[in-house]
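Notes to accompany the following structure.
Protein chains: 4
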Amino acid sequence: MNNKDMIQFVDGTFDSLYGHKVIDIKEKYIKTELTIKSDHHQPMGLVHGGVYSSMAEAAISYGANFSQEGVWVGVNNNTDFIKSSQQGKLVCEAEPIKMGKRSQLWEAKIYNGENICAISKVRLSNLNA
Amino acid sequence: MNNKDMIQFVDGTFDSLYGHKVIDIKEKYIKTELTIKSDHHQPMGLVHGGVYSSMAEAAISYGANFSQEGVWVGVNNNTDFIKSSQQGKLVCEAEPIKMGKRSQLWEAKIYNGENICAISKVRLSNLNA
Amino acid sequence: MNNKDMIQFVDGTFDSLYGHKVIDIKEKYIKTELTIKSDHHQPMGLVHGGVYSSMAEAAISYGANFSQEGVWVGVNNNTDFIKSSQQGKLVCEAEPIKMGKRSQLWEAKIYNGENICAISKVRLSNLNA
Amino acid sequence: MNNKDMIQFVDGTFDSLYGHKVIDIKEKYIKTELTIKSDHHQPMGLVHGGVYSSMAEAAISYGANFSQEGVWVGVNNNTDFIKSSQQGKLVCEAEPIKMGKRSQLWEAKIYNGENICAISKVRLSNLNA
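Chains as they are written, first to last, in the working numbering: chain W, 6 to 134; chain U, 6 to 134; chain F, 6 to 134; chain H, 6 to 134.
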């Protein structure tokens, strides 16, 4: 697999199950989005926290594998939920904080319009290091 | 909504989308499971990190709302990925570390057979406090 | 205690023990610094991780109590160590991510000259809520 | 430096500054303690959150370097503050969650008598990997 070919989430994987799309990817940057439907909700009608964690995890994993040689997998996902959402479109933008040989640390911010809904840090380890 | 009625993830919500089931729930304890299918994977054929974060988020949210009066929503989800999985059944068990009036902190451990795959801490805030 | 009077770390507290100083404080912003000495090191001669965590904890606690009514105490401190330091001056700048009635979430960045050494998120709870 | 020789925090380092002592260390286990004095406090007379983070960081770093070949440094310290302390003795016990070649993840629990005051996870990276 050439990292540079991963420009959309792969059909049949978890991201396609919940409707997560890559909008833009380049070195050290990825932007993704998701149109909120009722099956992203928890029972109170709010977007399930796992949706934000999943978006950040996927966006950052793709961004990290695109941006640097190696096979990068997440070892920690730390997501703060800032403001709840019920409907609309969630947009995730992620950039690296540190890109080492063995470890990368990225931050994702997830917005619904003007409002920031969640911030996530994901640390990745290089399986080839 | 009576908290004590929430003994299964609600149809049409995110947990039903990805096949997450409650096995046991009582005060200060919840056990859930998920049978791994290909649509839980990321492109390398491993379970997507967001699946673990989502299982922990849901299990702990249900456990916290079941165990204490209030309307509890997650404010932080911190998940460490310990060992990857490709197939089989994921079992999540969660228990509280602290149950305050304004804040609860729970820990979830997710196993695939004997192996621990992920550990997650979720902090919840009481919207009614 | 009037929150607005806390414009320097108090003599006889932990921050004075390890030489941590407030440089600037205003609503939603605090800047602190520390001149590295050998007693901030761990055995390899690098600044001890606990020094960064402590600086972030203190800066954010003062910033949060200064910026909003209430009695705010940290409930979680999550610090990523980006680049090690041996000598020089550490400068910490912190700003809020969210200021709710019951909970505040702030981020601190700690620099040594041009280099970012650590990033920390601290969540605080209002004891008076 | 032979890792097995590190059985006490080194004089002149940060741990000696704030009075942190190793009580017991063996493979995959370390126990440390600290007698609370007023210079461990923040202005409200409670133990400063940075003291708990520092204890966990140091205990786990020593434990990790003692337990496995390599040069291990902390890359993340995530500490939850459970119950505040004013006086007495803090006892920290730490054990590994995962010991990989490139990365170790440990958990520390800090007690004051019967009460748990803080729980901390520290992730370490092997500089020699």
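For each residue, glycine too, the CB sits at the ideal point set by N, CA and C.
Just so it is clear, the structure is predicted and the values come from calculations on it, not from any experiment.
Cα-Cα, which of W/Thr-18, W/Gln-91, W/Lys-106, W/Gln-92 is closest to W/Asn-70?
Taking the first residue of the first sequence as 1, we reach residue 70 of chain W at position 65. The residue with the shortest Cα to Cα distance from W/Asn-70 is W/Lys-106.
Item to check | Per-residue contacts from H/Val-15 into chain F (C-beta, under 7 Å) | outcome: The residue you call residue 15 of chain H lines up with position 10 of the fourth sequence. The answer, in chain order, is Pro-48.
Open item on the list: Could you tell me the alpha carbon to alpha carbon distance between H/Asn-133 and H/Glu-74, rounded to whole angstroms?
Closed with: One-based indexing of the fourth sequence puts residue 133 of chain H at position 128. One-based indexing of the fourth sequence puts residue 74 of chain H at position 69. Approximately 9 Å, taken between the alpha carbons.
Quick check on the DSSP output: the alpha helix (DSSP H) that includes H/Lys-61 runs from which residue to which?
The residue you call residue 61 of chain H lines up with position 56 of the fourth sequence. The amino acid occupying residue 61 of chain H in the given sequence is Ala; Lys does not appear at that position. Looking at the DSSP string, the run of the alpha helix (DSSP H) that includes H/Ala-61 is 54 to 72.
inquiry  = Looking only at its chain, what residues have a beta carbon closer than 6 Å to the beta carbon of U/Asp-20, apart from the 5 residues adjacent to it on each side?
reply    = In the second sequence, counting from the first residue as 1, residue 20 of chain U sits at position 15. Counting only Cβ-Cβ distances below 6 Å, and skipping sequence neighbours, we find Phe-14, Ala-63.
Requested in this report: Going by CA-CA distance only, name the one from F/Met-104, F/Gly-118, F/Lys-126, F/Ile-115 that's closest to F/Lys-33.
Outcome: Taking the third sequence and counting its residues from 1, one reaches residue 33 of chain F at position 28. Of F/Met-104, F/Gly-118, F/Lys-126, F/Ile-115, the residue nearest in Cα terms is F/Met-104.
Note to self: Taking CB distances under 9 Å as the criterion, tell me whether U/Asn-7 reaches chain W.
What the structure shows: Working through the second sequence from its first residue, we reach residue 7 of chain U at position 2. Unreliable placement is indicated for U/Asn-7, whose pLDDT of 49 sits below 50; the coordinate value is still reported in the next sentence. Chain W, which has no Cβ nearer than 9 Å to the Cβ of U/Asn-7, makes this no.
At 7 Å on the CB atoms, spell out the chain C contacts of U/Leu-110, in chain order. Among the chains of the structure shown, chain C does not appear; the protein chains present are W, U, F and H.
Item to check | Coil, strand or helix - U/Ser-21 by DSSP | outcome: Within the second sequence, numbered from 1, the residue matching residue 21 of chain U stands at position 16. In the structure shown, U/Ser-21 sits in a helix (DSSP, three-state: H, G or I).
In whole angstroms, what separates the C-alpha of F/Gly-17 from that of U/Ser-130?
-> The sequence position of residue 17 of chain F within the third sequence is 12, counting from 1. The sequence position of residue 130 of chain U within the second sequence is 125, counting from 1. One C-alpha to the other measures close to 34 Å.
Query raised in the report: What beta strand (DSSP E) runs, 3 residues minimum, are completely inside the segment 63 to 127 of chain U?
Result: 77 to 86, 94 to 104, 108 to 117
Consider the Cβ of W/Val-43: report whether some Cβ of chain H lies at a distance smaller than 9 Å. For the purposes of this step, residue 43 of chain W is taken as residue 38 along the first sequence, with counting starting at 1. A quick correction: the sequence has Ser, not Val, at residue 43 of chain W. False, the Cβ-Cβ gap to chain H never drops below 9 Å.
Three CB pairs or more closer than 8 Å across the segment 27 to 44 of chain F and the segment 49 to 59 of chain H:
No: fewer than three Cβ pairs fall under 8 Å.
| DSSP on U/Asp-16, reduced to helix/strand/coil? | Counting from one through the second sequence, the residue named residue 16 of chain U turns up at place 11. Collapsing the DSSP output to three states places U/Asp-16 in coil.
Euclidean distance between Cα positions of F/Ile-121 and U/Ala-61: Residue 121 of chain F sits at position 116 when you count from the first residue of the third sequence. Residue 61 of chain U sits at position 56 when you count from the first residue of the second sequence. Between F/Ile-121 and U/Ala-61, the C-alpha separation is close to 32 Å.
>> For H/Asn-131, list the residues DSSP reports as bridge partners.
In response: In the fourth sequence, residue 131 of chain H corresponds to position 126, counting from 1. Note: H/Asn-131 sits in a beta bridge opposite H/Trp-77.
(Q) Would you say U/Ala-61 lies against chain F (beta-carbon separation less than 9 Å)? (A) Residue numbering aside, residue 61 of chain U sits at position 56 when the second sequence is read from its first letter. Closer than 9 Å: no.
| field | Cβ neighbours of W/Gly-24 in the same chain (closer than 6 Å, five flanking residues each side left out) | value | Locating residue 24 of chain W in the first sequence gives position 19, counting from the first residue. The answer, listed in chain order, is Leu-39.
Looking only at C-alpha atoms, which of U/Thr-37, U/Tyr-116, U/Ser-58, U/Trp-111 sits nearest to U/Gln-92?
Start at 1 with the first residue of the second sequence, and residue 92 of chain U comes out as number 87. Proximity to U/Gln-92 across U/Thr-37, U/Tyr-116, U/Ser-58, U/Trp-111 peaks at U/Tyr-116, based on C-alpha coordinates.
Of the choices H/Asn-83, H/Gly-55, H/Ser-90, whose alpha-carbon is the least far from that of H/Trp-111?
If you number the fourth sequence from 1, residue 111 of chain H lands on position 106. Ranking the options by Cα distance to H/Trp-111, first place goes to H/Asn-83.
* C-alpha gap between U/Lys-187 and F/Lys-26, whole angstroms -> The structure shown has nothing for residue 187 of chain U, since chain U only spans 6 to 134.
**Message:** Going by C-alpha to C-alpha distance, which of H/Lys-31, H/Leu-95, H/Asp-29 sits closest to H/Tyr-57?
**Reply:** Taking the fourth sequence and counting its residues from 1, one reaches residue 57 of chain H at position 52. The shortest Cα separation from H/Tyr-57 among H/Lys-31, H/Leu-95, H/Asp-29 belongs to H/Leu-95.
### Message
Considering Cα atoms alone, identify which of F/Asp-85, F/Ser-72, F/Ser-66 is closest to F/Gly-79.
### Response
Along the third sequence, read from residue 1 onward, the residue named residue 79 of chain F stands at position 74. Comparing Cα positions, the closest option is F/Ser-66.
Query raised in the report: Just how far apart, CA to CA, sit W/Arg-128 and U/Glu-100?
Result: Working through the first sequence from its first residue, we reach residue 128 of chain W at position 123. Working through the second sequence from its first residue, we reach residue 100 of chain U at position 95. So the two alpha carbons sit approximately 25 Å from each other.
- Task: Taking only beta carbons into account, state which residues of the segment 66 to 90 of chain U come closer than 9 Å to chain F, listed in chain order.
- Result: For the segment 66 to 90 of chain U, residues whose beta-carbon sits nearer than 9 Å to a beta-carbon of chain F comprise Val-80, Asn-81, Asn-83.
- Quick one, are the C-beta atoms of U/Glu-119 and U/Lys-36 less than 9 Å apart? Walking along the second sequence from the start, residue 119 of chain U turns up at place 114. Walking along the second sequence from the start, residue 36 of chain U turns up at place 31. Taking 9 Å as the Cβ cut-off, U/Glu-119 and U/Lys-36 do not qualify as a contacting pair.
*For W/Met-6, which three-state DSSP category applies?*
Here residue 6 of chain W refers to the residue found at position 1 when the first sequence is read from its first residue. Below a pLDDT of 50, predicted positions are generally treated as unreliable, and W/Met-6, at 43, falls in that range; no measurement from the model is reported.
key: Inter-residue Cα distance where the pair is W/Gly-54 and F/Trp-77   = Counted from its first residue, the first sequence places residue 54 of chain W at position 49. Counted from its first residue, the third sequence places residue 77 of chain F at position 72. Within the model, the alpha-carbon separation for W/Gly-54 versus F/Trp-77 is close to 25 Å.
U/Leu-39: first and last residue of the uninterrupted beta strand (DSSP E) it sits in: Within the second sequence, the letter at position 34 stands for residue 39 of chain U. First-last of the beta strand (DSSP E) with U/Leu-39: 34 to 40.
Below 8 Å on C-beta distance, what does U/Leu-39 contact in chain W? The residue given as residue 39 of chain U occupies position 34 in the second sequence. Chain W residues near U/Leu-39: none, gap ~12 Å exceeds 8 Å.
Buried or exposed, going by whether 16 or more other CB atoms sit within 10 Å of the CB of W/Ser-126? Indexing the first sequence from 1 puts residue 126 of chain W at position 121. Residue 126 of chain W is actually Lys in this sequence, not Ser. With a threshold of 16 other beta carbon atoms within 10 Å, W/Lys-126 meets it and is buried.
Measuring alpha carbon to alpha carbon, tell me which of F/Ser-59, F/Ile-30, F/Asp-29 ends up nearest F/Leu-22. As a first step, residue 22 of chain F must be located in the third sequence, where it is residue number 17. Of F/Ser-59, F/Ile-30, F/Asp-29, the residue nearest in Cα terms is F/Ser-59.
Check each candidate in W/Lys-31, W/Ile-28, W/Ser-108 and name the one with the smallest Cα separation from H/Asn-81. As a first step, residue 81 of chain H must be located in the fourth sequence, where it is residue number 76. Comparing Cα positions, the closest option is W/Ser-108.
Compare the C-beta of W/Arg-128 against all C-beta atoms of chain F and say whether one is closer than 9 Å. Along the first sequence, read from residue 1 onward, the residue named residue 128 of chain W stands at position 123. Output row for W/Arg-128: interface = yes.
Checklist entry - In three-state DSSP terms, what is H/Asp-29? => result Counted from its first residue, the fourth sequence places residue 29 of chain H at position 24. Strand.
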